């Protein structure tokens, strides 16, 4: 890849890194894994960048590669968050009556997403990002109808975790 | 209790990630080596191809033994077959490996990775089977001449069991390596395929 293209890629990635951080946070546990996944996603994006034709927005294309890397390519030392840990945190939240509930709620939401399986995680992330069903079905490679069915199930699972 | 109806609201309210990377961080990151599953599969597959191709080199005395028991032609044919099939599998493997594309859909990507893996698995299976058959013939012919007192059917049983045990152990070892590497991927793929069938 020539230097000019590389510079362009790095700038675009830096400007759009927020979305990758969200994916990393949902699919990993702890800062080390987060950084590790971010690096793997960056490498995969960089390798695929010359083939990026600009038919979609850079962020859309990046999202697809990032989800693919998180689900199919990345290997981590697994430590599943137990649902009981989330319950404990929920109780703690009620007990302490946090004022800064916003950050805590975001953290709990990530923990709940973290306890879903990899496919459900992708579905929920795309739902929260307001992605249209056409895009969700394309990213996962399933029909739109099926994406809706799976999405409803994933949302129910998530709500059950958050409101036991 | 957390209200589940306003999840999008909570999601959108989140601050920027505490971890942020500068352009220089990203520059150094993208020049590091990938540790992806595909990369691992590629390396392990290459090792498998190489191992299967060089094993006959360490069995130099096999051809003379085969000549002694008048099986040289069978041995040569099996070797030719083995190398010929290896070439076909290597071409197939490389074509499939090159087809793996990180911006395909999740399902297609997983299917391509698993297909690539399957090609190498079939290749190793084929080589093990061929090796097993040739070893079996060799054991039977040579042992038969040395130990004339042993019952012929007993010899068959011992030889077959021996070959099965060796192949079984290799298979277990193999499953262990790929079990660790591909279990998650296989599980996720099944999840997508299953949902497609039930929808």
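Chains as they are written, first to last, in the working numbering: chain A, 27 to 190; chain B, 15 to 213. The beta carbon of each residue, even a glycine, is placed where N, CA and C say it ideally should be. Because the structure is a prediction, the values reported are computed rather than measured.
- For the options B:168, B:103, B:171 and B:83, the alpha carbon positioned closest to that of residue 63 (chain B) is the one of B:103.
- For residue 59 (chain A), the three-state secondary structure derived from DSSP is helix.
- At least one CB atom of chain A sits nearer than 9 Å to the CB of residue 117 (chain B).
- The beta carbon of residue 154 (chain A) is closer than 7 Å to none in its chain, skipping five residues each way along the sequence.
- Here the region 58 to 75 of chain A makes contact with the region 89 to 102 of chain A; the two share three or more CB pairs at distances below 8 Å.
- Within chain B, the residues placing a beta-carbon under 8 Å from that of residue 74 (chain A) are 115, 116 and 117, ordered along the chain.
- By the Cβ criterion, the region 124 to 133 of chain B is in contact with the region 36 to 55 of chain B, since at least three pairs of Cβ atoms, one from each stretch, lie closer than 8 Å.
- The C-beta of residue 148 (chain A) has 16 or more other C-beta atoms within 10 Å across all chains shown, which makes the residue buried.
- Distance from residue 138 (chain A) to residue 71 (chain A) at the Cβ level is roughly 28 Å; contact not present, criterion being Cβ atoms closer than 8 Å.
- Distance between residue 41 (chain B) and residue 96 (chain B), taken at the CA atoms: about 45 Å.
- Note on residue 87 (chain A): 16 or more other CB atoms within 10 angstroms of its CB, so buried under the neighbour-count rule.
- Secondary structure remark: continuous alpha helix (DSSP H) runs of at least 4 residues inside the region 64 to 108 of chain A, in chain order: 84 to 94.
- At a cut-off of 9 Å between beta carbons, residue 42 (chain A) makes no contact with chain B.
- Put simply, the CB of residue 59 (chain B) is far from chain A, with every gap to its CB atoms at 9 Å or more.
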